[in-house]
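Take a look at the structure set out below.
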Amino acid sequence: MEEEESWISSYCNVMGHEYFAEVSEDFIEDDFNLTGLGAVVPRYKEALEMILDVEPEDDSESPGSASESLSDNPNAPAYRRSRDHARTALDYSLIEKSAELLYGLIHQRFITSRQGIQVMYEKYLANHFGFCPRVNCQSARVLPCGYSDTPGNDTVKLFCPSCCDIYVPPHSRFQAVDGAYFGTTFPTLFLMTFPELDISGTGRKDVTASSNLNSSGGRKGANNNTLPPINGVPANNIAPGLGKGKRYEMRIYGFRVNERARSGPRMGWLRDKPQDLEELNEMAQLEAEAAMDSGEEAAEEDEDEEEEEEEEEDQEMTYPDGGPGRRRTAKGAAASAVATASTSEVGNGGDSVR
Amino acid sequence: MAANQTDALTRKVDDYNSETDSDYTSYWRDWFVATRGHEYFCEIDEEYLTDRFNLTGLQAEVQYYQYALDLITDVFDFDCDDDIREQIEKSARHLYGLVHARYIITTRGLQKMLEKYKKFDFGRCPRVFCRAHPLLPIGLSDLPHTKSVKLYCAKCEDVYSPKSSRHASIDGAYFGTSFPHILFQVYPAFIPAKSNERYSPRCFGFKTHAVAALARWQEQKRDEQDRRLAQVGIEVKREDDDEPEGSSEGEEFSR
Ligand SMILES: [Zn+2]
Ligand SMILES: [Zn+2]
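Listed below in structure tokens is the structure:
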């Protein structure tokens with residue numbers, strides 16, 4: 225038998241699929257990781273077989289000339305080549321569509337798993353996702369993400385941790401890639417997993433050889449400075465592309481345009497950041513006080529924080545100020561998460577982690 | 004000689020892989036703005052170029068100034084070897100750029116650039132929440148040889164790098180730091196409504212605290228500005244920011 229490129233690597237090699245990680249076969253073969261997908265993907269079993277390059281078991285020997293010519297074409301990419309001569313061309317394209325959907329949904333879960341996030345980390349360092357187009361981000365690396373976890377809603381976007389904003393990929397070939405295949409969780413989880421990674425554009429050049437990286441994947445000694453972490457994030461990794469000196473100021477003949485001018489600045493807040501990041505901590509304190517007084521809203525906020533930290537523990541991520549006395553089992557976290565209204569997908573997200 | 008000149012021009016056109024390769028026009032400015040990578044430039048009127056007042060101070064900045072100007076205005080008639088010719092070509096491109104920065108903030112130049120803006124000639128903002136708003140070219144310095152051209156989005160009021168590398172070699176000083184802002188002063192009707200829409204990163208459905216705290220701080224700054232402006236009778240037009248709190252996403256997956 226000739227050595228054929230697997231469906232997965234062939235799929236990831238297609239132009240426009242540069243952001244995809246190759247999901248490992250053992251991840252796909254673990255049924256737990258596929259929980260619930262059977263109900264979402266049509267022709268699920270056949271699609272899964274196609275992804276894993278498995279010969280279908282039930283061979284109803286109906287000769288399909290179209291599919292034969294397809295499979296005999298040596299120029300066709302492996303993932304378009306069918307080894308199943310019984311399928312008709314129409315059938316084949318339906319299953320192929322399903323396989324792409326299924327792969328995308330598995331991919332969404334894979335890249336938030338311990339194994340997958342590591343693969344994405346390598347791709348991140350290899351500049352596979354590109355850079356922020358914003359001038360003041362100084363070519364900070366971006367991360368692919370979806371604006372929705374449900375397929376069919378929107379195409380893949382790029383999240384820049386340096387300015388905390390999302391951008392349209394620079395090439396139109398990415399406009400055919402569903403954002404749900406990357407999901408809403410990945411960029412955040414990525415940054416939580418590698419908290420010491422220097423995400424600013426200026427730090428990019430320094431992160432080259434893996435020998436310079438510490439155990440959690442960050443650059444050795446990157447954050448050994450005196451800045452204490454704010455809200456669980458190393459202070460110099462809170463939107464390093466924002467704030468004083470990193471905001472564009474409109475000027476005419478060198479003079480700043482006044483905000484009272486009709487065409488004056490109105491969006492400065494979007495790229496602003498307190499000079500003293502402790503202000504952000506103080507706000508959290510104020511909110512806690514407000515929560516004590518009244519308001520469901522504030523209480524909900526507080527709960528969000530708790531959940532977040534639990535998720536961190538779930539991932540066994542080390543946080544400098546992880547907050548003492550918050551240890552609960554993953555099951556407990558999931559249960560309380562479900563109890564929180566308006567978060568229908570939390571349970572699902574949790575599945576993918578284990 | 005005319006033949007010599009034509010050869011050089013043809014070669015130039017080939018170099019730049021211009022669309023007008025077969026029946027190229029003999030006008031230097033037509034060729035210049037049609038060259039690949041020169042999409043952001045508009046054509047400077049002949050009258051503007053021939054008024055010496057508009058070129059004040061540029062002699063010192065441009066080598067072979069007079070020959071370069073002759074080339075731009077299609078009256079070049081100088082028999083020289085290819086090396087000199089090449090130098091003059093280079094000077095002409097530089098001179099055109101420097102004059103361009105002045106021209107596009109004149110009434111006529113603003114009109115031309117506005118037309119290009121309306122046709123999305125400068126591309127669209129890559130920021131998702133700007134919803135493909137058209138961009139305008141801008142320099143981050145008015146001094147040549149400092150920084151390449153950037154793109155300004157009037158919706159988010161930020162500057163971005165052009166997508167294509169062929170624009171990365173265009174000097175930002177050929178557009179200047181003031182141009183977009185003058186354009187919106189002259190054409191206030193084109194000032195877009197600002198948007199409050201923004202991205203809130205989530206992890207398994209939950210907002211992340213560190214970023215959320217920053218977002219709240221920023222929104223507080225925004226509200227402060229709006230109040231400050233309201234006190235002097237200025238109402239800031241902002242688009243709706245109804246962010247669906249409990250996002251309905253992922254419902255198909257809930258079991
Ligand atoms: Zn950025
Ligand atoms: Zn914009």
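Protein chains in written order, with the working numbering: chain X, 225 to 578; chain C, 4 to 258.
From the three backbone atoms N, C-alpha and C, an ideal C-beta is built for every residue, glycine too.
A quick note: this is a predicted structure, and the numbers were derived from the prediction, not measured.
C-alpha distance - X:Gln339 paired with X:Phe418, whole-angstrom precision | Counting from 1 along the first sequence, the entry for residue 339 of chain X is found at position 115. Counting from 1 along the first sequence, the entry for residue 418 of chain X is found at position 194. Taking the straight line joining both Cα atoms gives about 14 Å.
Applying a beta-carbon distance threshold of less than 8 Å, which residues of chain X neighbour C:Ile194?
-> For this step, residue 194 of chain C is matched to residue 191 along the second sequence. Within 8 Å Cβ-Cβ: Arg486 and Ser487.
Which residues are close to ligand 2, meaning CB closer than 7 Å to any heavy atom, in chain order?
-> C:Cys128, C:Arg130, C:Cys133, C:His136, C:Cys156, C:Lys158, C:Cys159 and C:Asp161
Alpha-carbon spacing of X:Glu420 relative to X:Arg333, whole angstroms = Taking the first sequence and counting its residues from 1, the one referred to as residue 420 of chain X is at position 196. Taking the first sequence and counting its residues from 1, the one referred to as residue 333 of chain X is at position 109. Between X:Glu420 and X:Arg333, the C-alpha separation is close to 24 Å.
List the whole-angstrom C-beta distance separating X:Phe406 from X:Val366, where the pair is believed to meet the contact cut-off of C-beta under 8 Å.
-> For this step, residue 406 of chain X is matched to residue 182 along the first sequence. For this step, residue 366 of chain X is matched to residue 142 along the first sequence. No, X:Phe406 and X:Val366 are not in contact; Cβ-Cβ is about 12 Å, not under 8 Å.
List the endpoints of the continuous beta strand (DSSP E) containing X:Cys236.
-> Taking the first sequence and counting its residues from 1, the one referred to as residue 236 of chain X is at position 12. Counting along the chain, X:Cys236 falls outside any beta strand (DSSP E), though it belongs to the alpha helix (DSSP H) covering Trp231 to Cys236.
Do the CB positions of C:Gly175 and C:Ser151 come within less than 8 Å of each other?
-> Counting from one through the second sequence, the residue named residue 175 of chain C turns up at place 172. Counting from one through the second sequence, the residue named residue 151 of chain C turns up at place 148. In this structure, C:Ser151 lies closer than 8 Å to C:Gly175 by Cβ.
Whose C-beta lies closer than 7 Å to the C-beta of X:Cys236 among residues of the same chain, with five residues either side of it excluded?
-> Locating residue 236 of chain X in the first sequence gives position 12, where the first residue counts as 1. Taken in chain order, the residues that qualify are Phe244 and Glu246.
Straight-line Cα distance separating C:Lys210 from X:Ala523 = Residue numbering aside, residue 523 of chain X sits at position 299 when the first sequence is read from its first letter. Residue numbering aside, residue 210 of chain C sits at position 207 when the second sequence is read from its first letter. With a pLDDT of 43 at X:Ala523, under the threshold of 50, the modelled position of this residue cannot be trusted; read the value that follows with caution. In a straight line, the C-alpha of X:Ala523 is about 14 Å away from that of C:Lys210.
Collapsed DSSP secondary structure at C:Tyr67 in the structure displayed | For the purposes of this step, residue 67 of chain C is identified with residue 64 of the second sequence, where counting begins at 1. Of the three classes helix, strand and coil, the one that applies to C:Tyr67 here is coil, per DSSP.
C:His220 CB to nearest chain X CB: under 8 Å?
-> Translated into the one-based positions of the second sequence, residue 220 of chain C becomes position 217. According to the sequence displayed, residue 220 of chain C carries Trp and not His. True, the Cβ-Cβ gap to chain X drops below 8 Å.
Beta-carbon proximity list for X:Ala433, same chain, < 6 Å, skipping 5 on both sides | Taking the first sequence and counting its residues from 1, the one referred to as residue 433 of chain X is at position 209. Note that X:Ala433 has pLDDT 40, beneath the 50 cutoff, so the model's placement of it is unreliable and the number below is only indicative. Result list for X:Ala433: empty, nothing under 6 Å.
Host alpha helix (DSSP H) of C:Tyr155 (start-end) = As a first step, residue 155 of chain C is located in the second sequence; it is residue number 152 there, counting from the start. Not the alpha helix (DSSP H): C:Tyr155 falls in the beta strand (DSSP E), residues Lys153 to Cys156.
Any chance the CB of X:Asp496 is under 7 Å from a heavy atom of ligand 1?
-> By one-based count along the first sequence, residue 496 of chain X stands at place 272. Result no, Cβ not under 7 Å from ligand 1.
Cα-Cα, which of C:Arg201, C:Cys156 and C:Thr76 is closest to C:Leu138?
-> If you number the second sequence from 1, residue 138 of chain C lands on position 135. If we check each option's Cα against that of C:Leu138, C:Cys156 comes out closest.
What residues from chain X crowd round C:Val162, counting only those whose CB sits closer than 9 Å?
-> Within the second sequence, numbered from 1, the residue matching residue 162 of chain C stands at position 159. Going along chain X in sequence order, the residues near C:Val162 (Cβ under 9 Å) are Arg358, Val359, Asn360 and Tyr472.
Quick one: is the Cβ of X:Ala515 within less than 7 Å of any heavy atom of ligand 1?
-> Within the first sequence, residue 515 of chain X is the residue found at index 291, counting from 1. No; taking the cut-off as 7 Å, the Cβ of X:Ala515 has no heavy atom of ligand 1 nearer than that.
Leaving out five residues on either side along the sequence, give the residues of the same chain with a beta carbon under 8 Å from the beta carbon of X:Gly328.
-> Along the first sequence, read from residue 1 onward, the residue named residue 328 of chain X stands at position 104. Pro375, Asp402, Ala404 and Tyr405.
Thinking C-alpha only, which one of X:Val481, X:Phe256, X:Asp277 and X:Lys321 is nearest X:Val265?
-> Counting from 1 along the first sequence, the entry for residue 265 of chain X is found at position 41. Of the listed residues, the one whose Cα sits closest to X:Val265 is X:Lys321.
Secondary structure, beta strand (DSSP E): runs of 3+ residues fully inside the region 361–435 of chain X = 367–369, 381–384 and 389–391
Under a three-way DSSP split, which group does X:Pro266 fall into?
-> Taking the first sequence and counting its residues from 1, the one referred to as residue 266 of chain X is at position 42. Coil, per DSSP.
Given a threshold of 16 other Cβ atoms within 10 Å of its Cβ, counted over all protein chains shown, does X:Trp231 qualify as buried or as exposed?
-> Position 7 of the first sequence, counted from the start, is the residue given in the question as residue 231 of chain X. X:Trp231 should be labelled buried.
Ligand 1 heavy atom lying under 7 Å from the CB of X:Arg358 = Your numbering for residue 358 of chain X matches position 134 in the first sequence. For ligand 1, at least one heavy atom lies less than 7 Å from the Cβ of X:Arg358.
Spatially closest choice to C:Arg96 from C:Asp86, C:Lys158, C:Ile75 and C:Asp145, by CA coordinates = Position 93 of the second sequence holds residue 96 of chain C. The shortest C-alpha separation from C:Arg96 is found at C:Ile75.
Only counting runs of 3 or more residues, tell me where the beta strand (DSSP E) segments fall wholly within the region 143–209 of chain C, in order along the chain.
-> 153–156 and 161–163
Mind reading off the beta-carbon distance from X:Leu494 to C:Gln223? Whole number of angstroms is fine, and I expect it under 8 Å.
-> Sequence index remark: in the first sequence, residue 494 of chain X carries index 270 (1-based). Sequence index remark: in the second sequence, residue 223 of chain C carries index 220 (1-based). At roughly 13 Å, the Cβ-Cβ gap does not stay under 8 Å, so X:Leu494 and C:Gln223 are not in contact.
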